[in-house]
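**Student:**
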Amino acid sequence: MSDLVRCSEVTPKVFATRETRVLAGAGGLPAERFVLGYVVVQPGGEVPGHAHEQEEVYLALEGRGEIVVGEVTHPLDALSAVYIPSGAYHCLTNTGESVLKFVFVYAPGGEVSHWAQEAAALQSPGEPGI
Numbered sequence: 001m002s003d004l005v006r007c008s009e010v011t012p013k014v015f016a017t018r019e020t021r022v023l024a025g026a027g028g029l030p031a032e033r034f035v036l037g038y039v040v041v042q043p044g045g046e047v048p049g050h051a052h053e054q055e056e057v058y059l060a061l062e063g064r065g066e067i068v069v070g071e072v073t074h075p076l077d078a079l080s081a082v083y084i085p086s087g088a089y090h091c092l093t094n095t096g097e098s099v100l101k102f103v104f105v106y107a108p109g110g111e112v113s114h115w116a117q118e119a120a121a122l123q124s125p126g127e128p129g130i
């Protein structure tokens, strides 16, 4: 495995309104204790509400949106970061007219369960595929 990865060369996990590319850990670069990824959310799109045992940080690179962490809603715009504690419910919505791009990092490493749950829901009968 290489010690270098280019976003453009990573096959994305494609969801209804976003694409997620895992760059390190969980199938990316050989990180064992954390996962780093890059996400592009379409206008009006979202990262649906979920919680997991890992603590996490989102760093917005471009665009704007809102993120709910627990019961608090925060505006999120370019070069702002938000901390998500372990076990905290969180969801993100792109409130802008252009794509929202952000980087996430969470620890400990491993794949979070909401990716598989969301993909399975999209493949249910009567629902569009991923």
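The sequence shown runs 1 to 130 under this note's numbering. Think of the CB as a built atom: it goes at the ideal place given N, C-alpha and C, for glycine as much as any other residue. Only a predicted model underlies this, so the values are computations on that prediction, with no experimental measurement involved.
Whole beta strand (DSSP E) runs in the segment 59 to 119 with 3 or more residues, listed along the chain?
**Tutor:** 64 to 69, 72 to 77, 81 to 84, 90 to 94 and 100 to 107
**Student:** Roughly how many angstroms separate the alpha carbons of residue 87 and residue 69, rounded to a whole number?
**Tutor:** 10 Å
**Student:** Give every residue of the same chain whose Cβ lies closer than 6 Å to the Cβ of residue 112, excluding the five residues on either side of it in the sequence, and list them in chain order.
**Tutor:** 52
**Student:** How close, in whole Å, do the beta carbons of residue 57 and residue 41 come, if the pair is a contact with beta carbons under 8 Å?
**Tutor:** That belief does not hold up - the Cβ atoms of residue 57 and residue 41 are roughly 16 Å apart, past 8 Å.
**Student:** Starting from the C-beta of residue 12, find all residues in its chain whose C-beta is less than 7 Å away, skip the five residues before and the five after it, and write them out in chain order.
**Tutor:** 19, 20 and 21
**Student:** Cα separation between residue 80 and residue 92?
**Tutor:** 14 Å
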